[in-house]
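Written out below as structure tokens is the structure these notes cover.
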Amino acid sequence: MRPAIIARAYPAARALQWSPAGRFYHPSSSLSRAALLGRISPACIRSLSSIRSGHIKLDQNEGILYVNNIFPQRLQWLLRGPLSNIQPLEGILRRINNPGIAASDPITIAQRALPTGLGLEIKEVIPRYKEGGAFIKYARKPDMNDEDIRAAVQDHLSKNPIKPWYNPFQTAEVDLVQGRPWIEDLARIPSQSVKVEFLPDSTEGRAVELTQEALYTLFRPFGKLLDIQSQPSDSKVEPRYATLRFSRPRFAVMARNCMHGYVVGEAEGGGKAGTRFKINYERKIKLSMIKDWIVNHPRIVIPAIAALVAAITVIIFDPVRTFFIKIKVKSSLHTDDNPVIQWVRRQVSKANRMYFGSRRTDPRGLAAIWEDRQNDISQLRAWLTETVETFIVIHGPRGSGKRELVLEQALKEHKYKVVIDCKQLQDARGDTAKISRAAAQVGYRPIFSWMNSISSFIDLAAQGMIGTKAGFSETLDAQLSKIWQNTAVAMKRVALEGRTKQDKDANLSDDEYLEAHPEKRPVVVIDNFVYDSEGDIVLDKLTEWAAGLTTANIAHVIFLTTDSSFSKPLSKALPNQVFRTIGLGDCSLEVGRRFVMSHLDTEADGGADGHKEKPSRNLAGLDDCIKVLGGRITDLEFMAHRIEAGETPQAAVDRIVDQSASEIMKIFILGTDTVTPQWTREQAWHLIKSLAHAKDGALLYNKVLLSDLFKDNGEATLRALEQAELISVGSVKGFPRWIKPGKPVYQAAFQRLIENKTLEGRLDLMILGQLIGQENKSISKYEDELQVLGSLPKHPRELTSRIEWLLRKIQGSQSKILKYEHDSAALTKMLQSEK
Numbered sequence: 001m002r003p004a005i006i007a008r009a010y011p012a013a014r015a016l017q018w019s020p021a022g023r024f025y026h027p028s029s030s031l032s033r034a035a036l037l038g039r040i041s042p043a044c045i046r047s048l049s050s051i052r053s054g055h056i057k058l059d060q061n062e063g064i065l066y067v068n069n070i071f072p073q074r075l076q077w078l079l080r081g082p083l084s085n086i087q088p089l090e091g092i093l094r095r096i097n098n099p100g101i102a103a104s105d106p107i108t109i110a111q112r113a114l115p116t117g118l119g120l121e122i123k124e125v126i127p128r129y130k131e132g133g134a135f136i137k138y139a140r141k142p143d144m145n146d147e148d149i150r151a152a153v154q155d156h157l158s159k160n161p162i163k164p165w166y167n168p169f170q171t172a173e174v175d176l177v178q179g180r181p182w183i184e185d186l187a188r189i190p191s192q193s194v195k196v197e198f199l200p201d202s203t204e205g206r207a208v209e210l211t212q213e214a215l216y217t218l219f220r221p222f223g224k225l226l227d228i229q230s231q232p233s234d235s236k237v238e239p240r241y242a243t244l245r246f247s248r249p250r251f252a253v254m255a256r257n258c259m260h261g262y263v264v265g266e267a268e269g270g271g272k273a274g275t276r277f278k279i280n281y282e283r284k285i286k287l288s289m290i291k292d293w294i295v296n297h298p299r300i301v302i303p304a305i306a307a308l309v310a311a312i313t314v315i316i317f318d319p320v321r322t323f324f325i326k327i328k329v330k331s332s333l334h335t336d337d338n339p340v341i342q343w344v345r346r347q348v349s350k351a352n353r354m355y356f357g358s359r360r361t362d363p364r365g366l367a368a369i370w371e372d373r374q375n376d377i378s379q380l381r382a383w384l385t386e387t388v389e390t391f392i393v394i395h396g397p398r399g400s401g402k403r404e405l406v407l408e409q410a411l412k413e414h415k416y417k418v419v420i421d422c423k424q425l426q427d428a429r430g431d432t433a434k435i436s437r438a439a440a441q442v443g444y445r446p447i448f449s450w451m452n453s454i455s456s457f458i459d460l461a462a463q464g465m466i467g468t469k470a471g472f473s474e475t476l477d478a479q480l481s482k483i484w485q486n487t488a489v490a491m492k493r494v495a496l497e498g499r500t501k502q503d504k505d506a507n508l509s510d511d512e513y514l515e516a517h518p519e520k521r522p523v524v525v526i527d528n529f530v531y532d533s534e535g536d537i538v539l540d541k542l543t544e545w546a547a548g549l550t551t552a553n554i555a556h557v558i559f560l561t562t563d564s565s566f567s568k569p570l571s572k573a574l575p576n577q578v579f580r581t582i583g584l585g586d587c588s589l590e591v592g593r594r595f596v597m598s599h600l601d602t603e604a605d606g607g608a609d610g611h612k613e614k615p616s617r618n619l620a621g622l623d624d625c626i627k628v629l630g631g632r633i634t635d636l637e638f639m640a641h642r643i644e645a646g647e648t649p650q651a652a653v654d655r656i657v658d659q660s661a662s663e664i665m666k667i668f669i670l671g672t673d674t675v676t677p678q679w680t681r682e683q684a685w686h687l688i689k690s691l692a693h694a695k696d697g698a699l700l701y702n703k704v705l706l707s708d709l710f711k712d713n714g715e716a717t718l719r720a721l722e723q724a725e726l727i728s729v730g731s732v733k734g735f736p737r738w739i740k741p742g743k744p745v746y747q748a749a750f751q752r753l754i755e756n757k758t759l760e761g762r763l764d765l766m767i768l769g770q771l772i773g774q775e776n777k778s779i780s781k782y783e784d785e786l787q788v789l790g791s792l793p794k795h796p797r798e799l800t801s802r803i804e805w806l807l808r809k810i811q812g813s814q815s816k817i818l819k820y821e822h823d824s825a826a827l828t829k830m831l832q833s834e835k
């Protein structure tokens, strides 16, 4: 601060003059030094001599005392803000000063700390707000020494203690500054530990590392020491240092301000050239220490972080996810049960009847189907009211109405249900897509499926660094388990929502209540079960979860499947339970006709006047067409749509047959060029041709396996073709007995395919080529064995029968080859003659 500014701000300081040493003085002795110091801000007194230079300059017969515990420590957060200018802070402290009770103004403290009888002159006062003390520079008489002054001042304060304004239960402490203190305004917080570095006193000299005994002798007078840590002997860090930990931070403050820059002589163990102290505060826990510990212990830190993230996820997101699943189970977001929406729908329905005639309540015309299947619907509803836990399986070919029968008929009045479509899960590509679809089907949100990819990269990096995965990323198995587990919790809460203390069975536990009230349990419908998922983890986890639901009486589980081998995965989950099954086949021809007629609505109202008219449609040959399509609902419904569009029943059937024939060609004949199915086109064509020529439209299962094309892994091939719905395998008492087309319309489609002689000839030629290749392989195998037998030194008599058997096999295979080649030549000639 410039002298002119000070003079304008403080009129009493106008008589002061600025000395080259950076301090104020007054030329007249009539104005006492204490009076001047009482009127002038200490910030002005110490501006150049301490803060700017960093040190306190001492002349002859001058010394420094440090007064501690007069300000609250760690005020630097306050000094960085709007109070960065010290002048307002000192003014506030001067106003709250009460000499009889507390002390706050640095000048007042300095005057009270020094006894008047010593004749000391206060030259300068440097407050240290962040350390809670102040330096007092004094001038002594020539016949006095600093040690006597320290003893006199300490004795004076013991008799006349100075109590700080912020804590009247403590007293100020004072000690002699023996070193050269560093006056800095850096953002360094005092602590109870100090780091003492040993530096040479001159450039030519060499510092000596002091022993713990020597350090204890020098620093113990400032306060109780808890520990002294010397630098490790093998450490390469220079300069050498030691760490001292005091019992109180104020002891460390006093030691640092009094001993910084102190030169230890040879007598005290500092060496011939002397050793100078450099003292700084040591943080108890350094951020660098934490960082180093984390970097040096990744095997502990990374799994701990992963566990912490998992715990936070469970605590925060699991209740939210359970809430959304409950909404999904209860269909709370749907409007079916909303009375306002129902009223609007009734008004719209009345308007439709008024202006457009009556509207059908059965748009698909399935009433005839449900009438025929009332026994199945009643049986399913009865099972849902029984207390016995078991799986319910509805199986049948695709298009037989399984989903509609369960959701639209048996569960029509059931409030709580969840539908899980295995086809959507299996069609998803990648674990992330599977997790997202599984979560969407049960209402599990929020789901951070994209985080799984990022976590996988983190795990990969952790594995390269620590040798094992950190556990950030979760496998598909773990993610699905989380989704199903939260769904089970939500469904159990939904099932128990209606309980009250006034119920007659209020004394029952939750499990006992659910067992006694099966009607309260939600229903889980698992559609497309065993859809292209043999041995898949999704199928295994879903089956295990379903078994847990039924065993714990949390929910009923209904499986909808087209695969007749559904018992294999279910038996793994519930090995000791009997499955309750309902088989849905194709409807009878009579029911199919009623279904088509109901769909066509031939007796519908013609208008609002209620007059009934017969629509002018050509239904000639309808019964024969229904017989061709069989009782498959989807095919019958498609035919009804085509008839409604104006086509004749025969034209509609021809369209369906042509479309089916194209599908067969694309999937089973031509599709083998782009994919690698579990069957060959020759095997598929053999079944197509054989079923087309079969009198009853069926083949014996064992005869098919005995054919040359199905010698190797024939049963697996037939199961794959059944799964793809080219054929259906019928069983008698649990054993496969016959093979039929996968859909009734396929019989006509097979006939349509064999009518194409070019296609038939080309595929028959390929079959003959495959058969010739198989026989040649057999002959090669027999010849190799004969060669081995012929290489023996003698001809044992016991091998005669074996040699004869091999020769007969070769002869039989060669006869087949000749026959196949003859047939192949005839087919080749036919194909070449085709124009």
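Take the sequence shown: its position 482, counted from the start at 1, is 482 in the UniProt record's numbering, and no numbers get skipped.
Glycine included, C-beta positions come from ideal geometry on N, C-alpha and C.
Nothing here was measured: the structure is a model prediction, and the numbers come from that model.
Taking the alpha helix (DSSP H) that residue i falls in, what are its first and last residues?
{"i": "residue 730", "result": "First-last for residue 730: 727–732, but that is the beta strand (DSSP E), not the alpha helix (DSSP H)."}
{"i": "residue 510", "result": "510–516"}
{"i": "residue 719", "result": "714–723"}
{"i": "residue 138", "result": "No alpha helix (DSSP H) holds residue 138; the beta strand (DSSP E) holding it covers 133–139."}
{"i": "residue 788", "result": "757–790"}
{"i": "residue 507", "result": "No alpha helix (DSSP H) holds residue 507; DSSP gives it neither H nor E."}
{"i": "residue 219", "result": "212–219"}
{"i": "residue 107", "result": "106–113"}
Return helix, strand or coil for residue i, following the three-state DSSP convention.
{"i": "residue 229", "result": "strand"}
{"i": "residue 243", "result": "strand"}
{"i": "residue 831", "result": "helix"}
{"i": "residue 556", "result": "strand"}
{"i": "residue 825", "result": "helix"}
{"i": "residue 583", "result": "strand"}
{"i": "residue 413", "result": "coil"}
{"i": "residue 590", "result": "helix"}
{"i": "residue 561", "result": "strand"}
{"i": "residue 260", "result": "coil"}
{"i": "residue 325", "result": "helix"}
{"i": "residue 700", "result": "strand"}
{"i": "residue 421", "result": "strand"}
{"i": "residue 183", "result": "coil"}
{"i": "residue 494", "result": "helix"}
{"i": "residue 537", "result": "helix"}
{"i": "residue 395", "result": "strand"}
{"i": "residue 524", "result": "strand"}
Taking all protein chains shown into account, decide if residue i is buried (16 or more other Cβ within 10 angstroms of its Cβ) or exposed.
{"i": "residue 446", "result": "exposed"}
{"i": "residue 232", "result": "exposed"}
{"i": "residue 811", "result": "exposed"}
{"i": "residue 168", "result": "exposed"}
{"i": "residue 37", "result": "Bear in mind that a pLDDT of 41 at residue 37, under 50, signals an unreliable position, so the number given afterwards is only what the model happens to contain. Looking at its Cβ environment, which holds 16 or more other Cβ atoms inside 10 Å, residue 37 is buried."}
{"i": "residue 598", "result": "buried"}
{"i": "residue 784", "result": "exposed"}
{"i": "residue 311", "result": "exposed"}
{"i": "residue 431", "result": "buried"}
What are the residues that DSSP puts in a beta bridge with residue i?
{"i": "residue 282", "result": "193"}
{"i": "residue 68", "result": "173"}
{"i": "residue 275", "result": "200 and 264"}
{"i": "residue 738", "result": "700 and 730"}
{"i": "residue 63", "result": "138"}
Looking at the unbroken beta strand (DSSP E) that takes in residue i, where does it start and where does it end?
{"i": "residue 750", "result": "No beta strand (DSSP E) holds residue 750; the alpha helix (DSSP H) holding it covers 744–754."}
{"i": "residue 128", "result": "121–128"}
Give me the Cβ distance between residue i and residue j, rounded to the nearest whole Å; I'm assuming they're in contact under 8 Å.
{"i": "residue 717", "j": "residue 577", "result": "That belief does not hold up - the Cβ atoms of residue 717 and residue 577 are roughly 31 Å apart, past 8 Å."}
{"i": "residue 667", "j": "residue 724", "result": "7 Å"}
{"i": "residue 173", "j": "residue 254", "result": "7 Å"}
{"i": "residue 393", "j": "residue 581", "result": "5 Å"}
{"i": "residue 400", "j": "residue 586", "result": "7 Å"}
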